[in-house]
Amino acid sequence: MAKAPDIRQLEIWSRRILDLLRKEGTVEISLLSNSELRKLKRRFLKREAKTVDVLSFRAGRDFPRPDLPERAWGEVFLNRALMRSRRRAQGLLIHGILHLLDYDHEKKSDRIKMQKQEVRLLDLLG
13 MAKAPDIRQL EIWSRRILDL LRKEGTVEIS LLSNSELRKL KRRFLKREAK
63 TVDVLSFRAG RDFPRPDLPE RAWGEVFLNR ALMRSRRRAQ GLLIHGILHL
113 LDYDHEKKSD RIKMQKQEVR LLDLLG
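Heads up: take any position in the sequence shown, counting from 1, add 12, and you land on the numbering used here.
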């Protein structure tokens, strides 16, 4: 089995994903334990889950980040334990970034649109 991607590799992929989507800006990425992700989900989304794979929190358009030269889209929190393979890590990262860009999967039509974009981006990332 290949080595799990580290945060540096995830940041490289995130820049590539944004480029493919023709979006300028940056995404903050953190690798957390399932326990930490469950706490975040409970605190900010008021929902429970046994396993949380990815959480995304959008930064407001006017969110002040003077330390960044580009727009901050938000933060993506990934479950460290699920980063076992390149493909899985890319898929979760793509999913998280798409949420920052207003993609959703609550309605069937939105879910189909998001899944098509996920597959397209996974293929392009290779």
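The beta-carbon is built from N, C-alpha and C at its ideal position, and this holds for glycine as well.
Which complete beta strand (DSSP E) runs does the segment 59-124 hold, if anything under 3 residues is left out?
Complete beta strand (DSSP E) runs here, min 3: 66-70 and 84-91.
Considering residue 23, what are the terminal residues of the alpha helix (DSSP H) in which it resides?
In the DSSP assignment, residue 23 falls within the unbroken alpha helix (DSSP H) covering 19-32.
Excluding the 5 residues preceding and the 5 following residue 100 in the sequence, name in chain order all residues of the same chain whose CB lies nearer than 7 Å to its CB.
94
Buried or exposed: which applies to residue 121, given that a residue is buried once 16 or more other Cβ atoms fall within 10 Å of its Cβ?
exposed
Should residue 36 be labelled buried (16 or more other beta-carbon atoms within 10 Å of its own) or exposed?
Residue 36 counts as exposed, since fewer than 16 other C-beta atoms from the protein chains shown sit within 10 angstroms of its C-beta.
For residue 41 and residue 88, which I take to be in contact (beta-carbon distance under 8 Å), what is that distance rounded to the nearest angstrom?
5 Å
Quick check on the burial criterion: 16 or more other C-beta atoms within 10 angstroms. Buried or exposed for residue 68?
Its Cβ being crowded by 16 or more others within 10 Å, residue 68 is buried.
Residue 110 and residue 39 look like a contact to me (Cβ under 8 Å); what is the Cβ gap, rounded to whole Å?
The Cβ separation is near 11 Å, so there is no contact.
Quick one: Cα of residue 25 to Cα of residue 55, how far?
28 Å
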